[in-house]
Structure formats: structure tokens, C-alpha cells
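Chains as they are written, first to last, in my numbering: chain P, 1 to 527; chain D, 1001 to 1519; chain L, 2001 to 2637; chain R, 3001 to 3098.
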Amino acid sequence: MNNAVAPTIEYGTLAPMLLVFGAAVIGVLVEAFAPHYVRKAIHVPLTLLSLAGAFALVIVQIVQGAVPTAPVAMGAVAVDGPALFIWGVILVLSFVCVLLINDEGHFVASAAAVPGSADEEEAEAAGVTHTEVYPLALFAVGGMLLFPASHDLLTMFVGLEVMSLPLYLLCGLARRRRLLSQEASMKYFLLGAFSSAFFLYGTAMIYGYAGTVSFTGINESLATGSLLDPLLLIGFALLGVGLLFKIGAAPFQAWKPDVYQGAPTPVTALMASGTLVAAVGALLRVFWVALGNLDWNWRPVIWAVAALTMLVGAIVAITQTDIKRMLAYSSIAHAGFLLIGVLATFDKAQENAKSLSAILFYLLVYSITTVGAFAVVTMVRDPGGEAGHLSRWAGLGKRSPLLAGVFAFFLLAFAGIPLTSGFFGKYAVFAAALSSGAERGDSLGGWMTGLVVLGVVASAVAAFFYVRVIVLMFFSEPAADGPSIAVPSMGTVAVIAVSLLVTVGVGLFPQPMLDLANQAASSLFVR
Amino acid sequence: MSPWLPILMAVPVLGAIVVALLPKGSDKLAKQVTLVVSLVVLALTIVMATQFRTGGPRFQFQAAYDWIPSFGVKFGVGVDGIALVLIALSAVLVPIVVLASWHDADGTQSADGTLITPKRSVKTYFSLLLVLEAMMIGVFAATDVFLFYVFFEAMLIPMYFMIGSYGGAQRSYAAVKFLLYSLFGGLLMLVAVIALYVVAGKGTFMYPELIGVIKDPATQKWLFGGFFIAFAIKAPLWPVHTWLPDAAAQAPAGAAVLLVGVLDKVGTFGMLRFCLELFPDAAKAFTTPIVVLAVISIIYGAIVAIGQTDMKRLIAYTSISHFGFIVMGVFAMSQVAQSGAALYMVNHGFSTGALFLAAGFLIARRGSPYIADYGGVQKVAPLLAGFFLIAGLAGLSLPGLSSFVSEFMVMIGTYSSTAFGAGALTVAAVISAVAVILAAVYILWMVQRTLHGPTAEPVKAFKDLNAREIVVLAPLVALIIGFGFFPKPLLDVINPAVTQTLVNVQVDNPAIAEKGAGQ
Amino acid sequence: MESPVEIVQHTTGGMIGASWLMIAFPLLGAAILLVLGRMTNRWGHLLGVAMSLASFVVAVLAFLELIGLPAEQRRQAVHLYEFIPGMVDMGLLVDPLSISFCLLITGVGSLIHIYSIGYMSHDPDRRRFFSYLNLFVSAMLLLVLADNYVGLFIGWEGVGLASYLLIGFWYFKPSAAVAAKKAFVVNRVGDLGLLVGMFVIITTFHTLTFSDLGKAIAANPPSGGAVTAIGLLLLLGACGKSAQLPLQSWLLDAMEGPTPVSALIHAATMVTAGVYLVVRSGAFFFPEGSPQALAVAIVGAATLLAGAIIGTAKDDIKKGLAGSTMSQIGYMMLGAAFGPVGYTFAIGHLITHGFFKADLFLGAGSVMHGMNDEVDMRKYGGLRKAMPITFATFFIGYLAIIGFPMLSGYFTKDGIIETAIEHNQVLGWLAVLGAGVTGFYMSRMVFMTFFGQKRWADDAHPHESPLVMTVPLMVLSLGALVLGAYLVLSNRLYEFLTPAVGAAEEAPHFAFTSVPGLATLALVAIGAAFAWYKYGRAEVPSVQPRGSFLTTFARRDLYGDALNESLFMRPGQWLTRIAVYFDNRGVDGLVNGLAAGIGGSSGRLRRLQTGFARTYALSILFGAALLAGALLLVGNI
Amino acid sequence: MTTHYLILSGLLFAIGAMGVLIRRNAIVVFMCVELMLNACNLAFVTFARQNGNLEGQIIAFFVMVVAAAEVVVGLAIIVTIFRTRRSASVDDANLLKY
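Following this line, the structure appears as C-alpha cells:
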């Protein structure tokens, strides 16, 4: 105890994360000291460059192949293949989302001003904007990087909060429909805090069981200790609540539709893509690394959760009338599909690589398509803001075929039609699940097949509401006072272009991306 | 590595891109380009078909390129006799359909001036048509199960848009129903495809390598089920047929031809190719129930057809009856029946195609699909009436027309089949033969109510077929009559493939007749 | 002993080798007329006649070549091409049976073609008419020449199609359209029999070719069961085509077609195809005394009476003749049930009937031609002066059909009757009775048409038809006069047919003074006298009196239509309605119901999303409890 | 000896959760969440004592910091809502539903 060793930090490995956090801090300083008219001019390049730089650093590490085989920073953070892959994905997503954020007219002039009040009008007239969104976004991104890479429950908790707190605020900053925005913000905050309390209590109980919060330690004590200790099981359940809440699995999905609908669309895009990726990464780490030896206990439970999530997401989406709300339910359904992948664990850890790469691939293609879809949503506008209500989308295909066509393609990708990226994502996950179910002596073998069949049924139901939007856009006559199509900024165009490119490209030639995912997954999570 | 099939698929795709990229307002050009491209494809197909050696290996013009190594997926193509004739069918039908739907997207007016369909994007329609052609060729040419699945599902999208954007009043309902129905089946098949890959454990989807790999009967049954349901929906087989009448009735005539003439054949083709050869034991085990379903389709489809008031729906139901025959032939497990079924797929494409097109021309003149709105057409438009009648006679498989040969072979092959459950097959053949009476009723009754009798008032204004429409129908009629008397060219190509199939299914069911006189 | 039907020579040369030209010529004609369409309006009818004559010439030459051969070589098979590989090849069988049909078809056919030039001269669609006629001739020739059942079936349906087209030639008349459809559909019922019959044949004997069939049967004689089944199925087919009970109902409606059609198709040739089928298959599937042969006899006897009775009550001259056609074919069927001898007389009667019935029909046509298409005999009367030639020829035909001594009908019909009585007393004497009825209704027809006082409509100006119509009449009536004697006396036809249909134990010999023969004559005389008493001597009311129950029974075609109506059509319509309803509400309803169900549950589920943050929190807590509970549960299982 | 502390922390956690569910005022709800966090802290410290290592206590400090940050964010949000709606009731914010 008394001969304490000085802690070591592998700055090189952590560089991407540190860069983002550093930029965020600088952003705060800018807010503090720079006059407001130059702030944006500083923030935008700062943010984008930091993200790009971080991405570059990730690439460097991958290229160097110097992927550490042990947790770094005294076992607090695990920067392994999957983590780097997830980092790369998150950084790309956040980059394009910042491009969206950058677009005019999404964020409130002065959050403090009461909606409809005189000083709101003043603020708008004065053209002031909340440039805080940039550092906030950076902090959120930093949290997203830390969350899935953390290697003990405490770090994970901190990552969780660092990711969430800025998002709570960002949700409340919509320029239009501020009541909704604020309500979304509050709901997200209260429920988020509530769930993270569960996560924390779960952590406490696991700590009580294992005497440590490091995944390695938990894993070892599971190997020796009793698997039936209520402390362990309840603790795990509470941990699960926190994580499943973040990915929006039923019955913890309730916040998603409200928040997605209320939040400014760029922020929704960030949550629907980045947060999901990060959360799934974290979930995998906890379930596979920390509690890998417990999978006989948790797989049946997660089976039920996955099934419930898919069905709830797919079925409730059918009757949605708001485009963002519908996409929220679609993302719930997709969370369910991802959980199928999470279930696909094998006896021999090496085989888990297959499932892991499937999940990573799915995350990649799904999140990119999602960002694209939300980017399109930002462009369809009414006088009062974005045209959220589906009925306003009628006949869009007649008025702007290109935009409608792109959106239709994204929807088909969500539905998993062949020759789109979404199809291969689904295929990869289902294949992994079936092969894990097919392995000898797996008591869940039949159940896995059943789950996959359930999955395809759910996707058939889901297909209905995607197709419904296409019908609206193409097969029904446009409304007289239809929404206008905003002239997109370069940023938005770039976002849509990128995600379309990926959706098409991967849809035709998935192999390169699959190679990336395989390579990332091959090394598995460090233990 | 033969480039034929990839080229055959590439040409229409490129054509589609060109058409799509044409500048605004160049509708006429778009049509001409499409026509030329489809004719080029037809020419290439014919040349390829002449290269096909009937004595040669089962799969010819094979080519395989790595596509998704980590899934073990190859872009593997190649054709046996059956696939060849079906590809030829598609290649023949597309140019005809292009000509037939020349004005479909222009917005048509009925004889009494009322607008039937509003103006829609011509370029989109024809580029979709070409994309569809590429996929139709691909789905028949695929020797990689995964690739087959990809085309099987992707085909839905262009057809979905063709029905949804260019169809009749109920088009969006019909389009969605069509898409979801097929998608559902397809997804079940997807599970089976994956499971096939996993269970086989060969690390490949290449069809020839998967034959006879699945041994366990129980597994075979499950996988068979997954494939069969998808194909039964596609075919369509009773009781999962109800999407077809809606889709066919709402689709523009041209699209309907491709839908019923080619797309649905993928179902029966799949049964013959995949259900039988990959899961022989399951196929044999399920023969009886499936044949029962087929017979129900035959009789039920015919009876419901009689009761239809809408021409296109009526034709759709007749197709359901005909598909019953095809399925019955496939599962009769005898050389004659299966050759007949394969031949039926082609002939049905011609006969129903002609019927849909003729009906389409009729409807285009009156703007109503309802039989009751017609009468005495023969007086004012004898040519149209003549073609319509011939097409109808092909529909009731009149001897001397191509469909008779196939129907005859199917029935006789089923009756005399010695395969598993032969007793049931014999009965099935006899019951199905009743359809020849019902067919006469539904076709001739329609003919009587539309072409014959006193000329209805709005019909008086009809013009007879113009040159384009004659060019559309004449080749089909020629083929119908030609293959009616000389089916040999087709059968010589089909037979070896069927023989191979039966070998793989391990059914010993020799040709039922020794050569006739003069051999 | 090896039956002659097994010996077949294969040939490619000579006129027999080229006998396919017989089929090709008219087919070509039909094709040209249909494809070129209006362009050919001017000369179309001439081309039609030319083609028909051309195949008549071929037929004659082939016939001469055939009789040039020794008897045992008179079955010449001509292989054309491979039709369905591994199942059946397309080929022709030129033998005495088929060639005699060819002569009848092309001969009478050509005459009727010629006649039609005049008869249809006023019809704008004459060209179409001739194209259909050619199509018919070609199909009919294929039917009789094909050397296998598939080819026969193609011809069989081909003539069905031609008949459909020609009955519905005046398609704008709803009655004609309906009649055409009815004819086709009823025929299809028969076709079903033929079709299934082929299934059984090929399954049992592994071939559909007549010659191979002979060998196969000789090689291993099959069980009675299969053969009986085949026989009955073929009989069903024959009933359909030849309008025998119970499938007779279409023939009377078929009179909607132009009269030449009724003469050629629905009297002389097509309707006799059933007889041809039975005779052709006789050697294989209708052995004497077998149940199926008996069935044939019964059907024949029943139909000959039914037809005759119907004939007695018809005022429409064509319908009357149609009834008589049914009845005469009934005779042929009866004959065809009794082995080679029966075959001889059946075919003989078929040929003579072809002549005199065509003669009668064309005569009737000529009458209608002069009476501006009036068909009701009650509007006729005393026409013999107005149109002498027509009267003369019609009268000869009349004598021939009632079996007046030494005329054609006399020999062939008596032959059938006697053979029948030899084998089966009951049926035989029924046939005798039928002859008597024939005597009555034919005389009635003659008296009502040509004798008695005028009952014409005011605008009627009866006149003799042009030569182009009357010359064929004369030729036909000549045949009606002499042909019977030529064929029957000294067994010419029998000897000629033997190679095709086999030989009997003892050759038939025609007895002029046999009990049945005399009885027949007596009955015929009585019938004629009674007809004279009712229609010749007495006044004929120009409006139909409401007759006794029996008369109505006959007028209503023995309620055949009523029976079909209530037995098949109405139940059929109900079944259709039910099926359609079931398809929309049942099957499709299920699908849509499922969709609606999902939609509904979605609507209900989304209500759970109340918007109250505290409810969401509750669901989280709830979920947490579930998770914990489940884990504990799973852990402790 | 430590079980009492655990029971206490469990009770605190339950009370906090209940409070979140039954109280309407956003501030109070938020305080209940804080209560839950502190229940966690108690548990951590207790377990640290039980396991005889310091991690638990360290974690407790971390938690306090995070909780403090949460307070900042939370109050900001709640105040804006209050300013807009003149009410801090969680149930009044009920526009987003179904």
C-alpha cells in the first residue's frame, strides 16, 4: 500500500480521445474570452479539425497495427481493435453531424429567452447564436469515445455521463417548436439520470461481489466465484438497465420517440448514430468481457429483450405520423436486431469474432444511413420549421424527385432490401446468430433460429412503414401548399452525399468494409 | 469463364443508366434507346442460345467472380436448359413490352376522351424496365444461391415502382400488397439460405457444390419449408395467391406481362431448381400435400376466374390455375411432367403475355377493365378481336397452340408418374383435367361478352389495332402457334436438365413412352 | 391369329407419302385468307374452293394408289416429324378407313364450298366464312389421317374450333354467340373423356400410336378393367363430338350457323368423328360383347330414338334436320358396337348419310335462300312448283333417308338394323321403331314444305336458286341415289375396310327379304302415311298449336336443356359466386385482417406512450425488476 | 456488521426511486435521483469496507463530482422549462406522446 507506483498513461494510444477533449476545453475558453462575433469563426474549424485529427490518429494506430493487447491507463481504458473501429465510426459520424449542426437555423438564438417573448425576437434580430453547441458537441463526442473504450465500470459511468450531459442540453436548443425541445430535454435528462442511477447501483453491487470494478477482475472472479449470487445477478440486471436504456431497448425505449422528435434534428442525428454506436460498444464490453462467463444466465433474458424490442419498434412505428418519431421507432427496432448479434456468443471466444465483426459492420452501415436520413429530414421545411408530419411529405417525389429518391433509398436500406448496405448488415447479424445457434451443445440453438425468424417477421412488418413513406412520396399527389425544399448548405449536401455513397457502395461491394470490421474484430476485446 | 451472361446483364443496366441520364423532355429518345437496348439483349440471347450444346455439361456459359469472400458469396452465373429458355423468354418479352407500353407513361385518354392515366415520367418507367430485365436474367442465371436470393428480392423494387407509379386507381394498395407479400416470403427464404450455408458448412453458396450436402431429413424439411413458402407466394399457389389479382389488375399491361409472365416463374423455377435438388427427401415427403395444393389452385383459380367481372383480374386468376399445373408437374417427379412444367413456364409466358397485352389494348380504348362495358368489339376492330381470341384460345390451351403441349405433358406425366405417392398423383391428374372444361368456360364467356353480341355504344368509336400494336402481338401469336406444332427445339434443351434434376432427386422415372413410329 | 390392324408399312414416297398435302392445302388457304384479310375479299371464296378441290384431288390420287396395292399392304404410315420427343411423333396413317373419310370430307366439302359461293354471296364477310371452312377441312383431315391419338386430338379440337367459329359466324346475334360457346363447352366435356382416355392408354401401353398400339396389345393382352375404362372414356369423347346422349344438347342450337355449315360440319362430317373414333379404336378397345361395346350400342339406340322424336315436333326445318342427324348418327353408333360387320355398315351409313343429309340441308338452305331466310315450315307450303330442282333433289334425299328400297339409306340402315338384331334383339327392334318415326318426321317435313297450300309471308317471293347452288345439290342427290347400293352389294366396302378394321368370322350378306327389313319398310310406310294424314291432306295451321304433353316434350328437346340448366349451369353459377365471395372475404380477408390486426395493435400500443415522464420512469423500474427477476430465475433453474 | 448499511442504502435507493415515480415537481424528482446516487455512494463505501480495499471510497468521490455536474445541467434545464411554462411540474410537459 505504501509503495505506490506512479500511474502511467499511454498518451499515444489515447491521443484521439484526448484531442477531442482538449478541443472541447479550448472551445469553452473561446466562449469565455472571444467576442461573440468571432466565436463561430473559431469554433467551426476548431471542432471539425479536432474531429478530423482524431480520426487521423485512429487511422494511424490502425495502420501501425500497434493495437495494444492490454488495457491502458492503469487498466482504465481498453483501446483494442473494436474500440478503434468504433472510434473511427463515431468520429466520422460526429464530423458529419457537426456539418449538420453548422447549418443555419437549427439552434435557438438565446436559450434563456422565453419562447415568443420580446427578447427572443431581439436575440434573433441581433443574430446571436449559441456557439456553445460546438464545445458541448465535442464533450459529447469525447464521452462517446470513452464510453465504449472504458475498461472498468467507473470509467464507463463517467464516460456515460460525459456523453449524456451535453446531449441533455443540446436537446433543449431547438430554434423552432421550443416547447417540444425543452420538454424533450427535460424528459431525456430526468430519465437519463434515473437510469444512470440504476447503472451506478448495479456497479456498486458488482463491486460488492467482485471486490473490483475492472472488467478483468470481474471476469476472473466470475470464473471462480458462484454464478448464482443474488448480488451478482441483481447487480447485473441494474447495469443492464443503464445500458439497455441508452440503446433504447424495450422496455426502456420510452424516451426515444419523444426525445428524437423534440430535439433539433442535427442533435437527433448525433444521438441516433453516435450514441447508439457507443452504447452498443459499451454493452458488448460489459456483456462479453466482464460478464462473458455469465452468458448462460443472461442470454435467455436478453433473448426476450431483443424479441420485445424488435416487435415493439416495428409494430408501433406503423401508426406514427411524425417522420422523426417514426425513425425513432425504427431505431428501436434496429436496436433489437443488434441485440440478436449480442446474443450470438460461442463457447470458443475466437469464434465470437464473427459475431463481433457482424455487429460492428451493422453499426457502421446503419448509423451512416441514419445520419443521411436525418439530413434529408432537415431539408424538408414548412414555414414553421421542419415538416415533421408525414402527411406533408405526400407527393414529394413529384416536386423534388432527387431528394425523394435518395430518401427512398435510405428507407429501403433500413428495410434491408438487397443491394443496399442495410441488407448486408442484417444478413451478417442473422448469419452470426444462426451459426452460433447451430453450434453443438447450445441449449439455445432452436431459440436462436426462432429469434432470427422473429427478426425477419419484424423486418417484414418494419418494411411496411418504410414502404408507406415511399408510397406517400411517390404514389400520392402533392398537397397544394406542400413544404418547401430548403436550399441545402454545402455541409448538408456533403452529409447526404457521403451517406448515400456509403449506402450504395457497401450495398454493391460490402467486402472492403467487411474486411475492416473483420480486422477490427479479429483481435476481440482485450481482457 | 464465359462472358456471355455478365454481358447479358450489363447491357440493360448500362442502357438503364443512359435512359435515366437523358436530358429532360427527351421522352421519345428514351423509348427508342430502351427498345434498341432490349433488342440488342434479345439478339445476344439468341446468339448465346445457339452456342448452347444440348449434349454438353448441365451448366454452360459459367462464370464466377468473388463478390463477398467473407460471406463465401460468389457472383456465380451459368445456365442449364431450363434457365436458358426462361432467360430467352424474358429477352423476348421485354422488347414486346417496351413497344406495348410505348404510351403508357404519356397519360392515356379513353375513346370518350376521359383521362385514364395522367402523364408520368417516361424515362423512369423505361429505365426501371431495363433494370428489371437485367435482374430477370440474373435471377435465372445465378448459380450462387445467395446471388439468386439477392436478385429474387431486388427484383421486387422496380416492379413495385412500375405498379405503384404507373398503375390504375388502386395502384398503391396493390403495389404495397405485392411488395410486402413477396418480401415476407423472401425473408423466410433468407433464413433458410443462411441456415443452408451454416448447416452445409461448405463455406460457399455455389449451387452445384450444395447438392446432396444436407443429409438430415429434419433439417431438410425446415429448409425446404423456408424456400418453398417464398416460392409458393411468388408462384403464386393457393392460398397465398390473393396479391396477384390486385397487382396484375392495377399494373400497366406491360408490367403485368412481365409480372405474370416472368417474375412469377421465378417461384416455380426455384421449386424445380432449389426445393427439389437441395432437399430431395423433404421434397418427396411433401409431394402429396403440395400436389393437393396445386390441384386446388388449378380448380379454384379456374372457378374464381369464371366469376370475375374485371378482365385483368380474370386473366390473373387463369394464371393462378395455370401455375397450379406447373407446380403439379414439378412435384410429379417424372421426366415428362417436369419437362412439361418447364415448357409450361415458357408457353404460359407467351400465352398470358398475349392475353394481357390484347386485353390491355382493349382497355386502353375504353378506359374500363370491366367486361360488362364491352360487347361486339369484333364488328369494329376485327384484328384486335382476332388476336384477343387466339390469345384466349392459347389460354384455354387449345391443341395446336403451345400451351396445350405443356399442359398435356404435365397431366400425362403426373398421371403416369411412378414417383412417391403415385396414387395421389393419378387422382390429381384426373381432377386437374376438369380444368379444360372450366378454361373453356372462362375464356369463351369473356370472349362472348366482349367481342360478340351487338356492338355497345362506346365501343363503336374503337379504332382497330395500329401498326405498333400489331407488331407487339404478331410475334407472340407466331411463337404460340409455332411451338404448338414444333415444341421439339425447346424440349430438346429442357429435357437433359430435367433428367439431371431427377437424378439428383434420386427418382427413377423414365420417359413413359418409347419412341413413336418412324424412329 | 394376327389381326390385320397390326401390319403397317412405312412409306415416304408416292401420293400417299405426300398425303400431308391434303391437310396443307386448306390450311394454307385459311392462313392466307385470315392473314391477308380484306385484301382477299374479292377472290377469297375462289381460293377457298380451289384449296378444297386441291386436297380432294390429292385424296383421290392417294385412294387410287392405295387400292393399287395388295390388301395386306393397305395400311401406309407416313412419318412427318418428332412431335413430343420421347412420347409421340407426328405421322399420318393412310388406310382404307381414313382414305374413305378423306374422300367424303374433301368431296362433299368441295361441293359445299361451291354451294356456299352462291349462298353467302350477299354476306359482306364471305371471305372470313371460306377461311373458316378451309380451316375446318384441314383440321378434319388431320383428325382422320393422324396415326396417333394426339394428332387425332389436335384435329378433334381443330374441328371443334372451326365449328365454334362457324356457329358464331354471325357473332353479332347473341343467340349465335351463345350457341357457339355452348357447342364448344359441351364438346370439352367429351374432350375430357378423350384426354383421360389417352392418359390411361399411354400409361397402360406406353404408346399413343395406332400401329404400335396394335403390337403392344398383341404382345401382352391387357386386363379387362383398363380397356373397359379406356373404352368408356373414349365413348364419352365420341358422345360429345357426335351429339349423342347425354351430350346432345349443343347440336340443335348449332343450327344458328349458316346452313352450309350445318350441312358440312353438323351433318356430313364433323359430327361423325365420334363414329370414326369408335371404329378406329374398335379393334383395340371395343371388342365385341365387351361392356363398353354394349354401352356404345345403348347410347346409339337411345340417341336414334331421341333424335327421331325431337325431329317429329320441330317446325324449324333446320332443327328438324338436326334432330334427324342425331338420330342417324345414333344408328351409326349402334352399328359401330358390333365388330367388323357393324363397322362396315356404320361407315357405309356414315358415307351415304354424308351425301343425303348434306343434300337435305343444302336443299333446306336453298329453300331458305328463296324465302328470305324463313326457317319455319309453317310459313312454307307448296314450294315444289316455285323451286323444282330443289324439290327434286330434296325429295331424293328424303327417300334415301327414310330407307326407300334401292336408295342409299335403304342398304346401309338395314345393314345396321339387321346386324344389331343379330347381336341384341331389344336394341335392334328399337332401331326398327326409330326407322318408322324417321319415316313420319321426314315425310312431315316434305309435306309441310313442298306440298299443300302456300302459307308464305306476304313479302316472300320464292324462286329457284342459282346453278352454283343447285349443281352441288344434284351431285349429292346422285350420291344419295346410288352410293348405298354400290358400297353394300357384293360387300365392296366390307372387303375394302377389312385391312383397317379387321375381318369378321363370316362376311356379311345383304338380304332383301328379311323379317326386320320388311318390318322396317312397313313401319316407314305407316309413318309416312300418318304424316300425309296429318300434314299432307289436312290443313297445316301457320301458327304452332299448343300440342299434347308429348309434343311439348319433343319440342323442348326432351327437356335436355332444362336438365343441363338445373343440373349444371345454375349450381355452377352458385359455386362460382360462392368461390368469388370466399376468395375476397375468406382468403384475402384473412390476409387483410392480419394486416389490420397488426395496425390495430400498433394503435393500441402507442397509447402506452402517454407522454408522462413519470410513466416512463415507472416502465424503467418495472423493466429493472423484470430483468432482475428473470436473471434470478434463470440462474436458479 | 456491514449489512445494515447495505439495507440502509437499499432503502435510500428505493425511496429515491419511489420519489421519482410519485412526485410531480421536477426539482423534487431530481433531488430523488440525487438521493439514489447517494444511496449508491453508501453502498460503495460499505462494500469498500467489506472488501477491504479503497476503490469503493474513491468511486464515491467520483460519483459526487458527477452528481454535481448533473445538478448544474439539470437545474439549467428545469429553470428554462419553468420560465417557459411557469410551472415545474413534470406532468405539465406532455406535448410529446403516442
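Where is the CB? At the ideal position from N, CA and C, for every residue including glycine.
- Chain order gives the chain P residues near N3053 (chain R) as G211, where near means a beta carbon separation below 7 Å.
- At least one C-beta of chain R is nearer than 9 Å to the C-beta of M205 (chain P).
- The Cβ atoms of L1196 (chain D) and L1210 (chain D) lie closer than 9 Å to each other.
- With distances taken between CA atoms, T2272 (chain L) lies nearest to L:W2156 out of L:W2156, L:P2258, L:L2362.
- No Cβ-Cβ contact shorter than 9 Å links A2613 (chain L) with A3043 (chain R).
- With 16 or more neighbouring CB atoms inside 10 Å of its own CB, K324 (chain P) falls in the buried class.
- Here the C-alpha atom of A344 (chain P) lies approximately 25 Å from the C-alpha atom of G225 (chain P).
- Only those residues of the stretch 2146-2168 of chain L whose C-beta falls short of 7 Å from the nearest C-beta of chain D are listed: D2147, N2148, F2153, I2154, E2157, G2158, L2161, G2168.
- By the C-beta criterion, the stretch 1158-1167 of chain D is judged not to be in contact with the stretch 1217-1226 of chain D, since fewer than 3 inter-stretch pairs fall below 8 Å.
- Against chain R, the beta carbon of F2612 (chain L) has neighbours under 7 Å at D3091, N3094, listed in chain order.
- By the C-beta criterion, the stretch 2017-2029 of chain L is judged to be in contact with the stretch 2131-2140 of chain L, since at least 3 inter-stretch pairs fall below 8 Å.
- Taking 9 Å as the CB threshold, R392 (chain P) stays off the interface with chain R.
- F1052 (chain D) sits away from V1033 (chain D), with the two beta carbons spaced by 9 Å or more.
- The DSSP-derived three-state label of R392 (chain P) is helix.
- Sequence-distant partners of G397 (chain P) (beyond 5 residues in either direction) whose C-beta falls short of 6 Å from its own C-beta, in its chain, are A404, M473, F474.
- In the structure shown, S3089 (chain R) adopts extended strand secondary structure according to DSSP, grouped into three states.
- In the same chain as V2275 (chain L), and ignoring 5 residues on each side of it, the C-beta atoms closer than 8 Å to its own belong to A2238, S2242, I2329, M2332, M2333, A2336, A2346, I2347, L2350, in chain order.
- Contacts with chain R at 9 Å (Cβ-Cβ) do not include D119 (chain P).
- Membership of A2283 (chain L) in the alpha helix (DSSP H) is indicated by the continuous run 2273-2285.
- A direct Cα-Cα distance of roughly 12 Å separates K2319 (chain L) from A2267 (chain L).
- For N3053 (chain R), the three-state secondary structure derived from DSSP is coil.
- Judged by their CB atoms, A1249 (chain D) and A1174 (chain D) are nearer to each other than the 9 Å cut-off.
- In the DSSP annotation of this structure, the continuous segment of the alpha helix (DSSP H) that includes H2349 (chain L) starts and ends at 2339-2370.
- One alpha carbon belongs to A272 (chain P), the other to A290 (chain P), and they sit about 26 Å apart.
- The Cβ atoms of T1455 (chain D) and G1324 (chain D) lie no closer than 9 Å to each other.
- According to the DSSP secondary-structure assignment, L2092 (chain L) is paired through a beta bridge with L:V2078, L:A2146.
- According to the DSSP assignment, R2577 (chain L) belongs to no beta strand (DSSP E) but to the alpha helix (DSSP H) extending over 2570-2581.
- Of all residues in the stretch 334-364 of chain P, none has a C-beta nearer than 7 Å to a C-beta of chain D.
- For N102 (chain P), the secondary structure class from DSSP, reduced to helix, strand or coil, is helix.
- Interface flag for L1473 (chain D) against chain L is unset, since no Cβ pair is found closer than 9 Å.
- In the DSSP assignment, the residues bridged to R381 (chain P) are P:E386, P:S484.
- For R3024 (chain R), the nearest beta carbon of chain P is not closer than 9 Å to its own beta carbon.
- Annotation: W1067 (chain D) is outside any alpha helix (DSSP H); the continuous beta strand (DSSP E) that includes it extends over 1060-1068.
- Taking a contact to require three or more Cβ pairs closer than 8 Å, the stretch 81-100 of chain P and the stretch 456-472 of chain P do not qualify as touching.
- Scanning the stretch 2129-2193 of chain L from its first residue to its last, the whole alpha helix (DSSP H) runs of 4-plus residues come out as 2149-2167.
- In the three-state reduction of the DSSP assignment, N3025 (chain R) falls in the strand class, which pools E and B.
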